[in-house]
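Peer 1: In the numbering used here, the protein residues as written are 475 to 635.
See below:
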């Protein structure tokens, strides 16, 4: 089987193929993927977050570029600084643009943001949130949209003087 053991960040063209992956699909370590030029096995040394434009270097010399696949998102407008603070306080991945915020669809966050005065539109867009504070990568957040829960080593308690 043809394997991909290396990622080329922000790879320059030309490419031998492309694969569209949603936000969750772009976080992987070992997985079989299929694209128009054939199947290949991703076998990376550690879990890796891929960005739109990163490429898999295949064992046969080909390069397959990763594209961010459109997925259900919320496009948020309003008092962006305030809304971004509330989104960040919930450790939710977010795309920050000059006139809008974009998060993955989440009914709990949507209700909260509407209560805070946000104007929200549903859309299908490639989701490319801001990376972590220390460079390339992703922030790991709360997932209100599934039954998956994980332990936290930090407090969400609010202390008031």
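Don't be surprised by glycine CBs; every beta carbon is placed ideally from N, CA and C.
Quick caveat, the model's predicted, so the values are computed rather than measured.
Quick one: grab the DSSP three-state call for residue 536.
Peer 2: Position 62 of the chain shown, counted from the start, is the residue given in the question as residue 536. Note: residue 536 maps to coil in three-state DSSP.
Peer 1: Run through the stretch 522–586 for me and flag every whole alpha helix (DSSP H) of 4 or more residues, listed as ranges in chain order.
Peer 2: Within the stretch 522–586, the complete alpha helix (DSSP H) segments at least 4 residues long are 554–563, listed from N- to C-terminus.
Peer 1: Going by DSSP, what residues sit across from residue 504 in a beta bridge?
Peer 2: By 1-based counting over the chain shown, the position of residue 504 is 30. DSSP lists 517 as partners of residue 504.
Peer 1: What does the alpha-carbon distance come out to for the pair residue 502 and residue 480?
Peer 2: Within the chain shown, residue 502 is the residue found at index 28, counting from 1. Within the chain shown, residue 480 is the residue found at index 6, counting from 1. Near 12 Å, if we compare the C-alpha coordinates of residue 480 and residue 502.
Peer 1: For residue 489, which residues of its own chain have a beta-carbon under 8 Å away from its beta-carbon, when the five flanking residues on both sides are left out?
Peer 2: Here residue 489 corresponds to residue number 15 of the chain shown, with the count starting at 1. Contacts found: 529, 537, 538 and 539.
Peer 1: Near residue 545, which residues of its chain fall below 6 Å by C-beta distance, leaving aside the five closest residues on each side in sequence?
Peer 2: Counted from its first residue, the chain shown places residue 545 at position 71. Counting only Cβ-Cβ distances below 6 Å, and skipping sequence neighbours, we find 496 and 601.
Peer 1: For the stretch 545–562 and the stretch 584–599, state whether three or more C-beta atom pairs, one from each stretch, are separated by less than 8 Å.
Peer 2: Segment contact: the stretch 545–562 against the stretch 584–599, three or more CB-CB distances shorter than 8 Å; contact assigned.
Peer 1: By Cβ distance below 7 Å, which residues in the same chain neighbour residue 604 in space, the five residues on each side in sequence not counted?
Peer 2: Taking the first residue of the chain shown as position 1, residue 604 is located at position 130. Cβ neighbours of residue 604 beyond the five flanking positions: 568, 569 and 570.
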